[in-house]
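Student: After the structure tokens below, expect a handful of questions from me.
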Amino acid sequence: MQETRVRSLVREDSTCRGATKPSLMTDETVANVPILILGNKIDRPEAISEERLREMFGLYGQTTGKGSVSLKELNARPLEVFMCSVLKRQGYGEGFRWMAQYID
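With this note's numbering, you'll find the sequence shown wraps up at 151, consecutive numbering, no jumps.
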């Protein structure tokens, strides 16, 4: 089975001081492993937007698309952001379905 990584980010601070890319994105030992980033807590009014999350971690131009994109079409590891609310059971299913297409 292919290794996969899922990271859930809980971020309510819109100032995002000191934000850095998740360490998995710079870890060479998992350079070819698909990464799914879940921005949780969208059910809360103070939650940040997907655009702000992408900006905060420098993800513009790094993500590979939310649709069905084959590994052969990509020149980078699969990486995508999905916003969700675990409490309300929203959004994370779409992210896990996206991830599933890259698991052998």
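Cβ coordinates follow ideal geometry from the N, Cα and C atoms, glycine included.
In angstroms with no decimal places, state the Cα-to-Cα distance between S61 and V77.
Tutor: Locating residue 61 in the sequence shown gives position 14, where the first residue counts as 1. Locating residue 77 in the sequence shown gives position 30, where the first residue counts as 1. Any reading at S61 must be qualified, since the residue scores a pLDDT of 49, below 50, and its modelled position is unreliable; the value itself is stated next. When rounded, the distance between both Cα atoms is 29 angstroms.
Student: Taking the beta carbon of L118 as the centre, do at least 16 other beta carbons fall within 10 Å, making it buried, or is it exposed?
Tutor: Here the question's residue 118 lines up with position 71 in the sequence shown. That one is exposed.
Student: Any contact between the stretch 72-91 and the stretch 125-134? By contact I mean 3 or more CB pairs, one from each, below 8 angstroms.
Tutor: yes
Student: Can you find at least 3 beta carbon pairs, one from the stretch 135-143 and one from the stretch 84-100, that sit closer than 8 angstroms?
Tutor: yes
Student: If you measure between the beta carbons of R99 and Y107, is that distance less than 8 angstroms?
Tutor: The residue labelled residue 99 in the question sits at position 52 within the sequence shown. The residue labelled residue 107 in the question sits at position 60 within the sequence shown. No; because the gap between Cβ atoms is not below 8 angstroms, this pair is not in contact.
Student: Could you pull out every unbroken alpha helix (DSSP H) segment of at least 4 residues lying fully inside the stretch 74-130, listed in chain order?
Tutor: 97-103
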